[in-house]
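Written out below as structure tokens is the structure these notes cover.
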Amino acid sequence: MTATEHPAPSRLRSWMLEGLSDMGKGQGVAGPHATPEPPHRGQAWYRVMCLTGVDYFSTLGYQPGIAALAAGLLSPVATVVLVVVTLAGALPVYRRVAEESPHGEGSIAMLERLLTFWKGKLFVLTLLGFAATDFLITITLSAADASTHLVENPHLTDALQGRRMLITLLLVALLGAVFLKGFLEAIGVAVALVATYLVLNAVVVAASFWHVVTAGHVVTDWSHALTAEHGNVFAMVGVSLLVFPKLALGLSGFETGVAVMPHVKGDPGDTEDHPAGRIRDTKKLLTTAALIMSVFLIVTSFLTTVLIPEKEFESGGQANGRALAYLAHEYLGNTFGTVYDVSTIAILWFAGASAMAGLLNLMPRYLPRYGMAPHWARAVRPMVLVFTLIAFLVTWVFDADVDAQGGAYATGVLVLMSSAAIAVTIAARRAGQRGWTVAFGVVSAVLLYVTVVNVIERPDGVKIGACFIAGIIAVSLLSRLARAFELRVTDVTLDPLADRFVRDMASRKMRFIANEPDRRDRAEYRDKVEQIREDNDLPAHEDFVFAEVTVTDPSEFEGRLVVRGEVLHGRYRVLVLESSSIPNALAALLLHVRDTTGCTPHIYFEWTEGSPFTNFLRFFLFGQGEVAPVTREVLREAEPDPARRPRVHTG
30 MTATEHPAPS RLRSWMLEGL SDMGKGQGVA GPHATPEPPH RGQAWYRVMC
80 LTGVDYFSTL GYQPGIAALA AGLLSPVATV VLVVVTLAGA LPVYRRVAEE
130 SPHGEGSIAM LERLLTFWKG KLFVLTLLGF AATDFLITIT LSAADASTHL
180 VENPHLTDAL QGRRMLITLL LVALLGAVFL KGFLEAIGVA VALVATYLVL
230 NAVVVAASFW HVVTAGHVVT DWSHALTAEH GNVFAMVGVS LLVFPKLALG
280 LSGFETGVAV MPHVKGDPGD TEDHPAGRIR DTKKLLTTAA LIMSVFLIVT
330 SFLTTVLIPE KEFESGGQAN GRALAYLAHE YLGNTFGTVY DVSTIAILWF
380 AGASAMAGLL NLMPRYLPRY GMAPHWARAV RPMVLVFTLI AFLVTWVFDA
430 DVDAQGGAYA TGVLVLMSSA AIAVTIAARR AGQRGWTVAF GVVSAVLLYV
480 TVVNVIERPD GVKIGACFIA GIIAVSLLSR LARAFELRVT DVTLDPLADR
530 FVRDMASRKM RFIANEPDRR DRAEYRDKVE QIREDNDLPA HEDFVFAEVT
580 VTDPSEFEGR LVVRGEVLHG RYRVLVLESS SIPNALAALL LHVRDTTGCT
630 PHIYFEWTEG SPFTNFLRFF LFGQGEVAPV TREVLREAEP DPARRPRVHT
680 G
């Protein structure tokens with residue numbers, strides 16, 4: 030369908046819309062005015078792992094300290110429980126998620142298929158609210174934590190004291206600038222940061238192990254104290270399970286690991302429908318990241334517990350929030366310790382990169398497709414600006430306080446992981462895989478338990494998540510309302526019989542009758558023709574073709590339109606259409622007929638009885654209602670030139 034020609038876009042607009050939805054290629058249906066997408070190139074899986082790894086691995090900066098505060102001497106045992114849940118629970122779940130949703134939609138897309146109509150849309154918007162909570166708080170919390178490390182550095186404390194908010198905002202702005210430059214640059218920075226950070230952590234671990242070996246009493250002192258405090262192994266495991274929810278941040282990273290999946294290059298023979306290589310390599314990505322993190326978590330929790338005095342983990346202590354940095358300064362000197370601090374600050378700052386990538390992958394896949402965001406929301410750069418501004422607001426609201434954002438972060442992570450576990454459980458059951466169904470069901474129960482305990486202990490996370498959900502739903506519904514009269518059909522296809530009807534009418538006046546199918550008997554069509562002729566004072570010899578639209582899912586916003594031709598009762602020609610909206614389908618059909626034949630079509634309606642406001646709500650929610658005036662309005666917006674606009678008659 031062609032509409033009005035638009036002027037050439039400005040250089041700024043072209044730059045802003047460059048790479049439109051390059052993370053979501055092949056997903057959803059492009060809007061009628063969408064910019065074509067560039068070819069998707071992708072990166073090697075181990076490079077993409079570093080993009081999600083800046084989030085996952087950066088938790089080493091604070092996870093050992095969190096474990097020590099939550100479990101005390103039991104920290105290594107509690108961390109082993111965390112690793113078991115990671116490798117035996119979260120990893121299999123997300124390997125299955127990668128297989129079921131290879132385009133990075135994650136568990137949200139899997140659960141979307143279970144619900145239809147507006148129930149499904151509202152459910153997805155709720156999950157997107159928690160996803161936004163997770164990803165946006167990751168950006169703001171990591172930047173705030175990095176600025177805290179910077180401000181508390183002994184060499185910079187005097188110069189930077191009281192400027193934490195300004196530094197945090199600057200770090201968020203720099204992160205946005207990297208993504209405005211492009212995704213490839215973001216991945217390149219992530220690779221350098223992750224490689225440097227892991228090497229430095231390995232050096233700290235080696236030096237600390239050497240100290241443990243040379244001062245063997247620290248292990249015996251710890252084991253004796255642990256036995257005296259908890260008695261036996263069963264008591265230790267029981268207490269570890271109780272404190273496990275407080276260590277749940279060590280599970281972060283899996284959702285972003287799937288979200289950045291579209292960046293994985295895969296095999297040359299991969300297609301968007303069957304990206305087997307991308308799925309295989311994403312599983313490698315998830316497994317490798319989980320194994321690396323598990324080893325570091327166990328080792329560092331043990332070393333920090335046996336080498337750092339308990340009082341140093343508490344608020345105001347030198348190891349509070351920086352346990353490994355404490356060991357780096359203690360055993361490798363202040364020069365190396367400063368280098369380690371710089372690396373930690375850098376990776377904490379850039380941890381928001383994987384979260385930003387997750388947002389840029391998820392939101393453009395759903396909101397524009399639902400009609401709940403403008404078309405430009407599919408473009409990367411405008412969305413980077415939007416998310417950066419929201420991150421500014423969140424940082425200002427929470428005064429760049431890390432602890433104040435911790436509950437919201439944990440809630441977002443755990444809700445998404447629980448939804449993923451439930452999704453794969455349902456997928457396994459539908460596939461008839463009884464063993465996997467039971468296994469995933471157990472994982473779902475564990476994650477739900479952790480989520481509930483976390484919500485009870487830190488209800489602020491749910492409150493913040495509810496704010497994001499309410500904001501997304503409100504903005505989405507307003508956007509849908511603003512786009513109510515937009516032409517939503519992306520492509521029109523006529524079957525051979527329908528095409529023959531159109532070509533036959535092109536030789537004379539093209540007249541369509543919009544008919545709501547009822548009994549579809551001979552009397553219905555005969556009476557309709559007579560009524561249209563009488564209402565519009567048309568001569569008896571005028572020929573008509575009926576257009577009938579069946580509403581499928583009215584909550585869908587845009588899609589393709591397939592038109593079938595039928596001959597009923599030996600004389601009445603009918604074009605049968607299926608669409609989410611009657612007015613949009615009819616408008617799209619008229620514009621398509623005009624463009625293919627060069628003739629101006631006419632369409633005839635009856636006035637709809639009842640309140641105009643009620644009928645508009647029926648159109649907005651259910652795709653029907655005020656059909657005649659809405660069809661005319663859709664045509665007016667799609668074709669501003671009255672001379673070229675199809676004619677709408679109502680009697």
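In this note's numbering, the protein residues as written are 30 to 680. Quick reminder that beta carbons are idealized off the backbone N, C-alpha and C, glycines included.
According to DSSP, residues forming a beta bridge with residue i
i      : result
Tyr633 : Ile542 and His678
Tyr601 : Leu597
Gln72  : Val293
Thr579 : Glu607
Thr522 : Val591
Val574 : Phe541
Burial state of residue i, where buried means 16 or more other Cβ atoms lie within 10 Å
i      : result
His621 : buried
Leu195 : exposed
Phe263 : exposed
Asp187 : exposed
Asp310 : buried
Ser50  : Confidence is the limiting factor: at Ser50 the pLDDT is only 42, short of 50, which leaves the residue's position unreliable and the question unanswerable from this model.
Gly286 : buried
His132 : buried
Lys340 : exposed
Ala161 : buried
Ala499 : exposed
Leu664 : buried
Val442 : buried
Pro68  : Legend: pLDDT at Pro68 = 42, less than 50; position of this residue unreliable, value from coordinates given subsequently. With fewer than 16 Cβ atoms within 10 Å of its Cβ, Pro68 is classed as exposed.
Gly53  : Any answer about Gly53 is weak, because its pLDDT of 37 lies below 50 and its placement is not dependable; what the coordinates show is given next. Classification for Gly53: buried.
Val467 : exposed
Lys150 : buried
Glu486 : exposed
Thr243 : exposed
Residue i CB to nearest heavy atom of the ligand NAD below 6 Å
i      : result
Leu200 : As for the ligand NAD, it is missing from this structure, which has no ligand bound.
Check whether residue i and residue j have beta carbons under 7 Å apart
i      : j      : result
Ser87  : Thr225 : no
Ile611 : Phe575 : no
Val578 : Ala614 : yes
Val83  : Ala382 : yes
Ala107 : Val272 : yes
Ile493 : Ala456 : no
Ile18  : Leu222 : Beyond the ends of the chain as shown, which are 30 and 680, falls residue 18; an answer cannot be given.
Ala696 : Thr197 : There is simply no residue 696 to check, as the chain begins at 30 and stops at 680 in what is shown.
Leu590 : Ser608 : yes
Ser706 : Val110 : Residue 706 lies beyond the stretch modelled for the chain, which goes from 30 to 680, so this question has no answer here.
Ala535 : Thr626 : yes
Leu604 : Val592 : yes
Gly282 : Tyr85  : yes
Val234 : Val241 : no
Ala254 : Leu102 : yes
Val423 : Thr660 : no
Leu189 : Val201 : no
Ser330 : Ala117 : no
Residue i in three-state terms, based on DSSP
i      : result
Arg589 : strand
Asp489 : helix
Asp547 : coil
Pro568 : coil
Pro669 : coil
Arg309 : helix
Ile168 : helix
Leu516 : coil
Glu339 : helix
Pro393 : helix
Arg459 : helix
Glu553 : helix
Glu128 : helix
Tyr355 : helix
Gly191 : coil
Ser536 : coil
Glu258 : helix
Using 8 Å as the cut-off, can you tell me whether the region 547-565 makes contact with the region 512-530, which would need three or more C-beta pairs spanning the two stretches below that distance? Contact between the region 547-565 and the region 512-530 is absent: fewer than 3 CB-CB pairs across the two stretches fall below 8 Å.
Do the region 413-424 and the region 99-117 meet, that is, are 3 or more Cβ pairs less than 8 Å apart? In this structure the region 413-424 does not touch the region 99-117; the number of beta carbon pairs closer than 8 Å is below three.
Under 8 Å: do the region 116-130 and the region 302-322 share three or more Cβ pairs, one atom per stretch?
Cβ pair count under 8 Å is three or more, so yes.
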